[in-house]
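Heads up: the structure comes next, in structure tokens.
There are 2 protein chains.
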Amino acid sequence: MYELFLHNFNSKVKLTEEEEAFIKTYLTPKKLRKKQYLIQETDVCKFMAFVEKGALRAYSVDEIGKEHIIQFALEGWTISDLYSFLTGEPATYNIDALEDSELVLISKAAHEDLLLKLPKYETYFRIQVTGAYIAMQKRLTSIISSPLEERYKNLTALYPTIVERVPQHMIASYMGLQPETLSRIRRKIATKK
Amino acid sequence: MYELFLHNFNSKVKLTEEEEAFIKTYLTPKKLRKKQYLIQETDVCKFMAFVEKGALRAYSVDEIGKEHIIQFALEGWTISDLYSFLTGEPATYNIDALEDSELVLISKAAHEDLLLKLPKYETYFRIQVTGAYIAMQKRLTSIISSPLEERYKNLTALYPTIVERVPQHMIASYMGLQPETLSRIRRKIATKK
DNA sequence: CAATAGCATTGACCAAAGTCAATGTTTTTT
DNA sequence: AAAAAACATTGACTTTGGTCAATGCTATTG
Numbered sequence: 001m002y003e004l005f006l007h008n009f010n011s012k013v014k015l016t017e018e019e020e021a022f023i024k025t026y027l028t029p030k031k032l033r034k035k036q037y038l039i040q041e042t043d044v045c046k047f048m049a050f051v052e053k054g055a056l057r058a059y060s061v062d063e064i065g066k067e068h069i070i071q072f073a074l075e076g077w078t079i080s081d082l083y084s085f086l087t088g089e090p091a092t093y094n095i096d097a098l099e100d101s102e103l104v105l106i107s108k109a110a111h112e113d114l115l116l117k118l119p120k121y122e123t124y125f126r127i128q129v130t131g132a133y134i135a136m137q138k139r140l141t142s143i144i145s146s147p148l149e150e151r152y153k154n155l156t157a158l159y160p161t162i163v164e165r166v167p168q169h170m171i172a173s174y175m176g177l178q179p180e181t182l183s184r185i186r187r188k189i190a191t192k193k
Numbered sequence: 001m002y003e004l005f006l007h008n009f010n011s012k013v014k015l016t017e018e019e020e021a022f023i024k025t026y027l028t029p030k031k032l033r034k035k036q037y038l039i040q041e042t043d044v045c046k047f048m049a050f051v052e053k054g055a056l057r058a059y060s061v062d063e064i065g066k067e068h069i070i071q072f073a074l075e076g077w078t079i080s081d082l083y084s085f086l087t088g089e090p091a092t093y094n095i096d097a098l099e100d101s102e103l104v105l106i107s108k109a110a111h112e113d114l115l116l117k118l119p120k121y122e123t124y125f126r127i128q129v130t131g132a133y134i135a136m137q138k139r140l141t142s143i144i145s146s147p148l149e150e151r152y153k154n155l156t157a158l159y160p161t162i163v164e165r166v167p168q169h170m171i172a173s174y175m176g177l178q179p180e181t182l183s184r185i186r187r188k189i190a191t192k193k
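Protein chains in written order, with this note's numbering: chain A, 1 to 193; chain B, 1 to 193.
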């Protein structure tokens with residue numbers, strides 16, 4: 001249990017066996033069926049979830065009821081409404097499962113305790129967040145500076161698994177587009193070759 | 001010297017006088033005249049810059065030579081090409097001064113040394129990056145889910161100083177728009193009231 | 001395995017943002 | 001203070017993406 005999580009952790013900060021055992025006492029496993037929610041908007045987000053298996057998405061819903069996907073998480077990724085998690089304010093995102101999934105949960109209490117008691121946890125978390133920040137900055141740059149066609153190509157190049165496993169209309173949502181538009185872009189790319 | 005930086009640091013992680021003195025030995029002050037570069041694309045980004053005074057911007061340049069602003073930094077903000085800074089790869093952004101500015105630089109060597117020698121520095125950095133991540137996630141959410149008019153209103157509400165101090169065509173660039181489009185949105189908002 | 005719901009594609013039309021060009025204003029520079 | 005540069009606005013037109021509606025395909029699921 002927790003294989004992938006611990007593997008991920010060790011690849012960033014090497015743990016001793018005792019430390020591994022110690023961390024494990026703070027983790028909670030959780031299975032989620034396809035379409036089940038991990039968090040709903042207006043709840044307070046009580047944990048960060050590491051994906052051992054499966055796929056989740058975080059999305060917001062606008063005034064006219066449209067969903068906008070802001071993040072996907074496949075195996076090895078962490079997903080949460082970090083703002084809500086850290087501040088205790090209500091979540092602004094919904095997170096649900098796109099496939100039957102297995103998660104490792106870190107609760108707020110666990111997070112805070114680990115930060116205090118295990119310096120390596122803080123290092124791990126710092127590296128994680130820094131990586132997430134850089135990845136998101138790239139995404140943002142691509143949004144404001146690349147034409148759509150490029151953006152879609154980049155996405156498939158960077159995250160081929162996401163594009164394969166996730167329905168196309170969700171990819172469209174993630175890119176801030178209508179499904180019809182993405183369909184047309186794909187056709188355009190296909191006919192060019 | 002370093003007043004604002006240390007104040008900012010202390011507001012996140014309280015330092016003793018000795019620790020303050022210790023950190024100061026790692027800092028370098030730097031003045032930048034308007035239009036001067038802190039980093040140019042293809043350089044390796046050698047520091048993180050905290051703004052004591054003035055205003056900077058980070059931007060990328062696309063194939064057809066258009067500039068796309070991805071971040072502004074006013075007093076109290078930190079700016080860098082974090083990816084390049086951490087990996088040693090060439091920068092993908094240019095950073096330059098919008099006004100005469102005073103900066104506090106933290107070099108790569110200083111950053112690494114501080115992470116090892118002063119746990120509070122790691123905590124400070126973690127909190128900083130986490131905050132930056134959350135802010136950017138909000139910006140991204142707003143881009144993919146709000147109509148333009150809302151986005152401009154949000155921006156002026158959230159960062160009134162930026163909108164005041166920075167030329168409008170740069171705000172447009174930051175929003176991923178043409179200057180003409182932003183001008184029209186502003187007129188639309190103005191006539192509505 | 002039949003029925004249903006979810007999904008992708010296409011077409012016709014509309015709305016929004018981009019482009020190009022001209023004009024007037026403000027800010028900088030000399 | 002004059003000249004030049006940078007900036008903001010507006011209009012006419014084009015391009016791009018959104019909307020609505022119809023069709024056929026593909027997975028679920030009962």
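Where is the CB? At the ideal position from N, CA and C, for every residue including glycine. Just so you know, these numbers come straight off a predicted model, no measurement behind them.
Same chain, Cβ closer than 8 Å to residue i, neighbours up to 5 away in sequence not counted
i	result
Asp81 (chain B)	Ile39, Cys45, Ala58, Ala91, Thr92, Tyr93 and Ile95
Leu182 (chain A)	Tyr152, Gln168, His169, Ile171, Ala172 and Met175
Leu118 (chain A)	Glu19, Phe22 and Ile23
Gln154 (chain A)	Sequence check: residue 154 (chain A) is Asn here, not Gln. Only Ser142 and Ser146 meet the Cβ criterion.
Leu15 (chain A)	Leu6, Phe9, Ile23 and Lys120
Helix, strand or coil at residue i [DSSP, three-state]
i	result
Tyr37 (chain A)	strand
Tyr59 (chain A)	strand
Ser146 (chain B)	coil
Thr78 (chain A)	strand
Glu1 (chain A)	It should be noted that the sequence gives Met, not Glu, for residue 1 (chain A). In the structure shown, Met1 (chain A) sits in coil (DSSP, three-state: anything other than H, G, I, E or B).
Thr42 (chain A)	coil
Leu103 (chain A)	strand
Pro160 (chain B)	helix
Ala91 (chain B)	coil
Lys14 (chain A)	coil
Val51 (chain A)	strand
Ile64 (chain A)	coil
Thr195 (chain B)	Only positions 1 to 193 of chain B appear in the structure, and residue 195 (chain B) is not among them; the question remains open.
Gln178 (chain B)	coil
Leu118 (chain A)	coil
Val166 (chain A)	coil
Beta-carbon proximity list for residue i, same chain, < 6 Å, skipping 5 on both sides
i	result
Lys34 (chain B)	Ala97, Glu99 and Asp100
Leu148 (chain A)	Ile185
Ile127 (chain B)	Lys12
Tyr174 (chain A)	Ile69
Phe9 (chain B)	Tyr124
Tyr152 (chain A)	Ile185
Phe72 (chain A)	Arg57 and Ile162
Tyr37 (chain A)	Asp96
CB of residue i within 7 Å of CB of residue j, strictly
i	j	result
Thr141 (chain A)	Ile70 (chain B)	yes
Ala55 (chain A)	Leu74 (chain A)	yes
Lys120 (chain A)	Val13 (chain A)	yes
Phe22 (chain A)	Val104 (chain A)	no
Phe50 (chain A)	Ser107 (chain A)	no
Tyr83 (chain A)	Ile64 (chain B)	no
Thr156 (chain B)	Val163 (chain B)	yes
Ser145 (chain B)	Asp62 (chain A)	yes
Those residues which DSSP pairs with residue i across a bridge
i	result
Glu20 (chain A)	Per DSSP, none; premise fails for Glu20 (chain A).
Ile69 (chain B)	B:Tyr59
Lys30 (chain A)	A:Leu103
Asp97 (chain A)	One point to set straight first is that residue 97 (chain A) is Ala, not Asp, in the sequence displayed. The partner list for Ala97 (chain A) (beta bridge, DSSP) reads A:Leu56.
Classification of residue i by the beta-carbon crowding that lies within 10 angstroms, buried from 16 upward
i	result
His7 (chain A)	exposed
Ser11 (chain A)	exposed
Ile177 (chain A)	Residue identity check: residue 177 (chain A) is Leu in the sequence provided, not Ile. Answer is buried; the Cβ neighbour count reaches 16.
Ala172 (chain B)	buried
Ala132 (chain A)	buried
Glu52 (chain A)	buried
Leu32 (chain B)	buried
Glu17 (chain A)	exposed
Gln137 (chain B)	buried
Leu158 (chain A)	exposed
Thr87 (chain B)	exposed
Leu116 (chain A)	exposed
Thr78 (chain A)	buried
Glu122 (chain B)	buried
Close-in-space but distant-in-sequence residues of the same chain around residue i (CB under 7 Å, 5 per side omitted)
i	result
Tyr2 (chain A)	Lys24, Leu27 and Val104
Glu67 (chain B)	Tyr59, Val61 and Ser173
Asp43 (chain A)	Pro90 and Ala91
Ala110 (chain A)	Tyr26
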